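Numbering (the working numbering), first residue to last: 929 to 1136.
Worksheet for the structure shown next.
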């Protein structure tokens, strides 16, 4: 099944991607910046799972980002993987990311910390968030950890960052609610900065 999916793509794409981009909720517009795009809806790829999350177009896109050949996955799905990995994220690329943030003047909004991952698709309850706060967790995601583990298991070099797109609701008494539209809107608001940041990271990797 996997080979049939791969053959379907290999027979239709001449681009040999050097970098793989996995775009989470609200970040699908990054693919709009690719040139010479070749787009494959998931439903057309044999045995490929389809995404049904709002804001995810469910496409595999090949193209060039600032001259660098990339494959862009607009997915946002999670699975359970039984691997325990150390040094998942590349330390050199983390340092490069910090340097690029300073160069762009956004270093006051770029932080390192502890990220946890939940299965979704529901947002966290106030009780869960309070527990995470006690554990010293800084941010919560639904897919990035699984994607990073899968990439490292395949022997890939991994650089990942989470765009904080919604506020955690820790109070049962508030009328505020976590909302997926808030996530999408936040991504659009920082669209140009994200494109520049990812482009600079891609250029650095391409020169290695």
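Virtual Cβ for every residue (Gly too), placed ideally from N, Cα, C.
Quick caveat, the model's predicted, so the values are computed rather than measured.
CB-CB length for residue i against residue j, believed under 8 Å
{"i": "residue 1002", "j": "residue 986", "result": "7 Å"}
{"i": "residue 882", "j": "residue 998", "result": "The chain is shown only over 929 to 1136; residue 882 falls outside these bounds and no answer can be derived."}
Under 9 Å between C-beta atoms of residue i and residue j
{"i": "residue 1172", "j": "residue 1021", "result": "Outside the shown range of the chain, which is 929 to 1136, sits residue 1172, and nothing can be said about it."}
{"i": "residue 996", "j": "residue 965", "result": "no"}
{"i": "residue 1031", "j": "residue 1128", "result": "yes"}
{"i": "residue 1064", "j": "residue 1046", "result": "no"}
{"i": "residue 1000", "j": "residue 1083", "result": "no"}
{"i": "residue 1060", "j": "residue 1040", "result": "no"}
{"i": "residue 1122", "j": "residue 1097", "result": "no"}
{"i": "residue 937", "j": "residue 962", "result": "no"}
{"i": "residue 1025", "j": "residue 968", "result": "no"}
Which residues DSSP lists as bridging residue i, in chain order
{"i": "residue 992", "result": "963, 997"}
{"i": "residue 1067", "result": "1043"}
{"i": "residue 987", "result": "969, 1002"}
{"i": "residue 948", "result": "999"}
Top-ranked residue by Cα proximity to residue i, from the options
{"i": "residue 1089", "options": "973, 1066, 1050", "result": "1066"}
{"i": "residue 939", "options": "960, 973, 948, 951", "result": "973"}
{"i": "residue 951", "options": "1135, 995, 1134, 1126", "result": "1126"}
{"i": "residue 930", "options": "961, 942, 943, 975", "result": "975"}
{"i": "residue 933", "options": "1085, 1026, 1038, 971", "result": "971"}
{"i": "residue 1108", "options": "1093, 977, 979, 1120", "result": "1093"}
{"i": "residue 979", "options": "1042, 1055, 1071", "result": "1071"}
{"i": "residue 1101", "options": "1054, 1110, 1130, 1085", "result": "1054"}
{"i": "residue 960", "options": "1027, 1136, 1134, 1124", "result": "1124"}
{"i": "residue 1111", "options": "1099, 1049, 1095, 989", "result": "1095"}
{"i": "residue 1104", "options": "1029, 988, 1027, 1051", "result": "1051"}
Residue i beta carbon near the ligand HEM (any heavy atom closer than 8 Å)
{"i": "residue 963", "result": "Summarising the ligand content, the structure contains no ligands, and the ligand HEM is consequently not present."}
message = With three or more beta-carbon pairs closer than 8 Å as the criterion, would you say the stretch 1069 to 1087 touches the stretch 1014 to 1024?
response = yes
query = With a cut-off of 8 Å, do at least 3 Cβ pairs link the stretch 945 to 965 to the stretch 1113 to 1130?
reply = Yes, since at least three Cβ pairs between the stretch 945 to 965 and the stretch 1113 to 1130 fall closer than 8 Å, the two stretches touch.
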